[in-house]
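2 protein chains.
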Amino acid sequence: MRVKPTDLDIAFAGSPVDRADRLRTDASALEALKGPQARLLLLDGLAPRLDGQGALAWGSLADAEPGAEIVFLGLMDGAACFAQVAPALWQGGAKGPRNMFPLLSALSPGDMATFGGAKALVDWHARHRFCARCGSPTELAKGGWQRNCTSPACKAEHFPRVDPVTIMLVELAGAPEPTVLLGRQPMFPPLNYSALAGFVEPGETIEEAVAREIEEEAGVRARDVSYVVSQPWPFVSSLMIGCHAWADSPEITIDRNELDDARWFTRTEVARAMDGDADAALKLPPRFAIAHQLLRWWLARG
Amino acid sequence: MRVKPTDLDIAFAGSPVDRADRLRTDASALEALKGPQARLLLLDGLAPRLDGQGALAWGSLADAEPGAEIVFLGLMDGAACFAQVAPALWQGGAKGPRNMFPLLSALSPGDMATFGGAKALVDWHARHRFCARCGSPTELAKGGWQRNCTSPACKAEHFPRVDPVTIMLVELAGAPEPTVLLGRQPMFPPLNYSALAGFVEPGETIEEAVAREIEEEAGVRARDVSYVVSQPWPFVSSLMIGCHAWADSPEITIDRNELDDARWFTRTEVARAMDGDADAALKLPPRFAIAHQLLRWWLARG
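Chains as they are written, first to last, in numbering that gives the first Met the number 0: chain L, 0 to 301; chain H, 0 to 301.
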């Protein structure tokens, strides 16, 4: 049975918050939304805080820390939703769990998406206190969807950054059984393999970036790149662009600066790993990673 | 006859320069490449300079201006290719043609791509002299594919920025003739229409960004978004992600802050414009714009 890309469980997508973009530029409307009904997303450092039911915890704007910047996330259930950029986030004193993934796994898909979008935006503000052009301090604008340089001589406008990243399943043409190229980074737990990935650089199409990454990391020439599915990834703030490509030769030359290993795996091996078989030849990335969903799509491809 | 996305003429793609990414981190290899054989891309401000044959003009590293930063573009025909970030570019004194598009139209596809990638990278260096995190000066690293904060207390690493932008053809389901939604910005010349477009924001998939833009700019609800083709766009440094989507209702509500007009056009009307008919109902974007290529693909869709 085929799995359509739209049937995949793409984590961090599908937030119920309406971004209400038109309100960002309407200063008086935005101010009017900051009443007692307004909701403030509560964070521990950059990690989500959960309520008693395992959902995202929300407070009111009265819970914001002194000196915090307030960003407008959008509207949900008739209420305006905000998040704060707490001073500790840019002063280096922010505390939060070292690994927030166990917390994220507990969230509903909608909450995960709302958190992911807010985290990426708040994090951007915390890391962009100054103008990259002239070095002067910047200040929040347009409800948190812009920062402006405070130097009258510069006045540069800065926008939240999203880094496009290609991530790809390379399939070996003519193999007796469908066979896919996966790699492992040195930091991965033992036996863990995932799809190869890399940032899109200036001057590249998606398809060119896919081919370059595969060649660089594994010495494999890819052809016929096709887009499958995308995912926002808030660590730090990427747009993961999931693709499929074909390779004609099984020969691999691993770039040891990037990868610990890269290997071809058969559908049988990947399927066993997907089923959680303890004796499987590899371990897969968790389900909220787009690589996991790409492999689900590939297994069902028939 | 169908036009496959791979048959389209995607401008700024397909540079013959091999990025040779492995050399960026190899300081001694990079130094060794900076000999008399090395080629320096010559620019007027941020515009290309042409040689007598209408090709990109190249000099040697001896042509670099005093104080310029040198970025490594890659290898071509056995020679190392560089570009310079001239001090005038960040000091505000850079001179170049106001409109470089006539110049670009003269270039071969490969030269256009080489120029586009170099322009986006050089421009990024010129606009990122300081650390966005702490405001200290930054310095070029890894052959120009990174900038590092010079403050020992910060040491933040910064990477060339690429902004993902969705650009979409929205087609009206159930129309008697294939019909597409196009809009015009106030700055467009009279009668010029193009595909709607907008930046992907943190927390969105490509498909969500497409649907949001169409809703925001034209009040049209889109479904079944599919990816068609992508393009690097060096003004400033975007990754254009070309998509198709369907709409079920012809009703349009124009966001006058964004658009001067948005209308449905039939295939006949678009085909006449594509043929350069002076009496056509609209004028199309130039062929090096992805919107033009998306419309070519759509016309041939059958």
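Idealized CB from N, CA, C, for every residue including glycine.
Any Cβ of chain L within less than 8 angstroms of the Cβ of residue i?
i, result
"H/Q90", "no"
"H/G182", "no"
"H/W123", "yes"
"H/I205", "yes"
"H/G109", "no"
"H/G95", "no"
"H/A119", "yes"
"H/L39", "no"
"H/G142", "no"
Skipping 5 residues on each side, what residues in its chain have a beta carbon closer than 7 angstroms to that of residue i?
i, result
"H/D50", "A56"
"L/L102", "A46, P47, L49, P96"
"L/G34", "none"
"L/Q292", "L7, D8, I9, V228"
"L/L160", "Note that residue 160 of chain L corresponds to Arg in the displayed sequence, not to Leu. Same-chain partners within the cutoff: W123, S236."
"H/A174", "none"
"H/T24", "K141"
Assuming residue i is part of the beta strand (DSSP E), what are its boundary residues?
i, result
"H/W263", "260-265"
"L/D223", "221-232"
"H/A78", "78-84"
"L/H243", "237-246"
"H/G73", "68-75"
"L/V169", "162-171"
"L/L139", "137-140"
"H/A196", "195-198"
"H/R146", "145-148"
I'd like to know whether the C-beta of residue i is nearer than 8 angstroms to at least one C-beta of chain H.
i, result
"L/G115", "yes"
"L/A10", "no"
"L/H291", "no"
"L/R211", "yes"
"L/E138", "no"
Whole angstroms are fine: how far does the CA of residue j sit from the CA of residue i?
i, j, result
"H/T149", "H/S135", "7 angstroms"
"H/L40", "H/G58", "6 angstroms"
"H/W263", "L/L171", "44 angstroms"
"L/Q36", "L/D20", "20 angstroms"
"L/A10", "H/A85", "44 angstroms"
"L/D232", "H/D62", "Sequence inspection shows Trp at residue 232 of chain L; the Asp mentioned does not correspond to that position. Each residue's alpha carbon lies about 43 angstroms from the other."
"L/I69", "H/G241", "33 angstroms"
"L/E203", "H/T113", "10 angstroms"
"L/A217", "L/T265", "17 angstroms"
"H/A261", "H/D6", "28 angstroms"
"L/A221", "L/L29", "49 angstroms"
"H/V269", "H/L190", "12 angstroms"
"H/F129", "L/A272", "46 angstroms"
"L/S14", "L/G73", "10 angstroms"
"H/N98", "H/P201", "32 angstroms"
"H/D43", "H/Q83", "11 angstroms"
"H/Q230", "H/L294", "14 angstroms"
"L/L60", "L/G91", "23 angstroms"
"L/R126", "H/R126", "17 angstroms"
Closest to residue i by CA distance: which of the options is it?
i, options, result
"L/G66", "L/L72, L/W89, L/P47", "L/W89"
"L/F81", "L/K118, L/L106, L/Q52", "L/K118"
"L/S107", "L/R300, L/W296, L/F287, L/N256", "L/F287"
"L/S193", "L/H124, L/M111, L/D259", "L/D259"
"H/R132", "L/L22, L/G142, L/I253, L/R146", "L/R146"
"L/T252", "L/S225, L/E214, L/A105", "L/E214"
"H/Q54", "H/D110, H/T267, H/F187, H/E156", "Contrary to the premise, residue 54 of chain H reads as Ala rather than Gln in this sequence. With distances taken between Cα atoms, H/A54 lies closest to H/D110."
"H/S225", "H/F234, H/E207, H/A140", "H/E207"
"H/A31", "H/A12, H/A78, H/V2", "H/A78"
"H/L302", "H/A12, H/E176, H/R23", "The structure shown has nothing for residue 302 of chain H, since chain H only spans 0 to 301."
"L/G143", "L/I205, L/G275, L/K154, L/G116", "L/G116"
"L/R357", "H/P4, H/V199, H/E250, H/D278", "There is simply no residue 357 of chain L to check, as chain L begins at 0 and stops at 301 in what is shown."
Beta-carbon within less than 8 angstroms of residue i's beta-carbon, same chain only, minus the 5 sequence neighbours each way: which residues are those?
i, result
"H/A196", "V164, T165, I166, M167, E212, M239, A290"
"L/I205", "P163, T165, V199, V224, Y226, I240, C242"
Identify the continuous alpha helix (DSSP H) that holds residue i and give its terminal residues.
i, result
"L/G182", "Here L/G182 belongs to no alpha helix (DSSP H); instead the beta strand (DSSP E) covers 178-183."
"H/R211", "205-217"
"H/R38", "Where H/R38 is concerned, there is no enclosing alpha helix (DSSP H), although the beta strand (DSSP E) it sits in stretches over 38-40."
"L/E30", "26-32"
"L/S104", "100-104"
"L/D110", "108-125"
"L/R295", "289-298"
Within a Cβ cutoff of 6 angstroms, which residues of the same chain sit near residue i, ignoring the five residues on either side of it in sequence?
i, result
"H/A87", "A93"
"L/W245", "E170, A172, R222, D223"
"H/T320", "With chain H represented from 0 up to 301, any question about residue 320 of chain H goes unanswered, as that position is not in the structure."
"H/V16", "L72, G73, M75, C80, T113"
So does residue i have its beta carbon nearer than 7 angstroms to some heavy atom of the ligand NAP?
i, result
"L/I240", "The ligand NAP is not among the ligands present in this structure, which contains no ligands whatsoever."
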